[in-house]
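Structure record follows, encoded as structure tokens.
Residue numbers (UniProt numbering): 1 to 466.
Structure follows, in structure tokens:
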């Protein structure tokens, strides 16, 4: 399949790392907040929906599950749309879909209709906004990209802290139908964010027409030939199996220990508050010159930290222990959230990122649907929350080892070999008369593949390209 990329960044344009990029970052912050927080915030209306339609909690929980499934599972579709029409048009349509779904849901007369409107239509709209916003962020930021990713990822906990109480307020004043209608209007802000996604334009000297860009595949499956991408996709899929399980069960875990409902619910507030500060901090640290070449290893450490936190949290026997668990889980969860897409950008580069993220999200969609239900099944069988946390921790720890060992054994080059200055000196040495120095074939291959920065695409380092 082929098609022109409407707003694909021109080859000769470097990422501005500022300027209009800050507006793009703000739009990405808002989109990320809506995309990740909305499926959780809508759970505020579940009791009213249960009363309205005479259904159980498991039936209403499908609304959030469908929302998340659409967000993750439609990744390849979003990639095709972006590669065919460009980021801004796709996001504008997505914003309209997200709003239309919630407005239509306010007139529903059955839970099936709510599934189709809130779950499918709104979920598809959020997906059409989320992925293109990350692609645009990747095009506008290069040197400051880790920090930009961390700030954008902070939208998730910030919006979760805001949308949950807002949803409760709307439900108390206007009922679930009025609340859905107002939230639908609020989602129109996605269209405003889409308008901020201005494509980069290459300057044309002397008014001469630029070179014709070759048509690109709508979904570039060649990323599967990149060992770094395959290892990342495998690790991310295993990680998602257990990553979202603790936040789902921690409140019930506290109630099982005899903690009052209000105190139990406050655990998620603690987790979200820590998460708000953890994500930008992790992005800032990753952006440091001495740290950035090792971002893959830092991401692996974040996953290890998260899994280890789950294992230690399984030993909590009182409310204080769960508070400590939520603090450390918020730190590690924020690190993972800030680094996951930064590492993927570094591995595949700008021009393949639109396809790579869609394929990764599709693989993660399967894990998202399996993870929390498998934890619930284990809980139904054993009636012990400790085992649920042990299972989640084991899965996340396994993912960290897959990424760490895969990266370590597939790369045997020194980080210094890919620095721009040393790449230049290597080029100068190649132009000198040959000496008795033997050149390793892997170094020659690395030199031949080395290219200057293109439209914000950072030169791959051995530690960020498996």
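Ideal Cβ positions, reconstructed from N, Cα and C, are used throughout, including at glycine.
Item: Reduced DSSP secondary structure (H/G/I, E/B, other) of residue 20; Value: coil
Item: Selected residue, minimal CA-CA separation from residue 218, among 356, 381 and 36; Value: 356
Item: Same chain, Cβ closer than 6 angstroms to residue 19, neighbours up to 5 away in sequence not counted; Value: none
Item: Reduced DSSP category for residue 290 - H, G, I as helix; E, B as strand; rest coil; Value: coil
Item: Reference residue 293; option with closest CA among 345, 332 and 243; Value: 345
Item: Sufficient close CB pairs (3 or more, under 8 angstroms) joining the stretch 174-189 to the stretch 320-332; Value: no
Item: Unbroken alpha helix (DSSP H) run spanning residue 242, endpoints; Value: 227-243
Item: C-alpha distance - residue 385 paired with residue 81, whole-angstrom precision; Value: 42 angstroms
Item: Residue 11, DSSP secondary structure in three states; Value: With a pLDDT of only 49 at residue 11, under 50, the local geometry of the prediction cannot be trusted, and the value read off the model is given with reservation. Residue 11: coil per DSSP, three-state reduction.
Item: Cα-Cα separation between residue 102 and residue 407, rounded to whole angstroms; Value: 43 angstroms
Item: Contact the stretch 110-119 vs the stretch 237-254: 3+ CB pairs below 8 angstroms; Value: no
Item: Touch test, the stretch 104-114 against the stretch 228-244, Cβ-Cβ under 8 angstroms, three pairs minimum; Value: no
Item: At least three beta-carbon pairs within less than 8 angstroms, the stretch 81-94 to the stretch 367-380; Value: no
Item: Residues of its chain near residue 235, where Cβ-Cβ distance is below 6 angstroms and the 5 sequence neighbours each way are ignored; Value: 399, 402 and 403
Item: Local conformation of residue 197 per DSSP, three classes; Value: coil
Item: 4-residue-minimum alpha helix (DSSP H) runs that sit fully inside the stretch 113-187, ordered along the chain; Value: 122-140, 145-153 and 155-186
Item: Inter-residue spacing [alpha-carbon to alpha-carbon] between residue 74 and residue 363; Value: 10 angstroms
Item: Residue nearest to residue 90 in terms of C-alpha spacing, selected from 225, 191 and 221; Value: 191
Item: Proximity below 8 angstroms, CB of residue 76 to CB of residue 358; Value: yes
Item: Which listed residue (339, 361 and 410) has its alpha carbon closest to that of residue 146; Value: 339
Item: Burial state of residue 467 (16 or more Cβ within 10 Å); Value: The chain is shown from 1 up to 466; residue 467 falls before or after that span and cannot be answered.
Item: Option nearest residue 220 by Cα separation, candidates 354, 309 and 389; Value: 354
Item: Residue 27 beta carbon less than 8 angstroms from that of residue 133; Value: yes
Item: Proximity below 8 angstroms, CB of residue 72 to CB of residue 278; Value: no
Item: Nearest-angstrom Cβ-Cβ length linking residue 66 and residue 123, presumed shorter than 8 angstroms; Value: 6 angstroms
Item: Assigned exposure category for residue 329 - 16 Cβ within 10 Å defines buried; Value: buried
Item: Secondary structure of residue 68, DSSP reduced to three states; Value: helix
Item: At least 3 beta-carbon pairs within less than 8 angstroms: the stretch 31-41 vs the stretch 157-174; Value: yes
Item: Buried versus exposed, by CB contacts within 10 Å (16 or more), residue 5; Value: Residue placement at residue 5 is poorly supported in this model, since its pLDDT is 32, which falls under 50; the coordinates still yield a value, given next. That one is buried.
Item: Residue environment, residue 262, which counts as buried when at least 16 other CB atoms sit within 10 Å; Value: exposed
Item: Check: residue 353 C-beta below 7 angstroms from any heavy atom of the ligand SAH; Value: The model depicted lacks the ligand SAH and carries no ligand whatsoever.
Item: Contact check, residue 152 vs residue 78, beta carbons under 8 angstroms; Value: no
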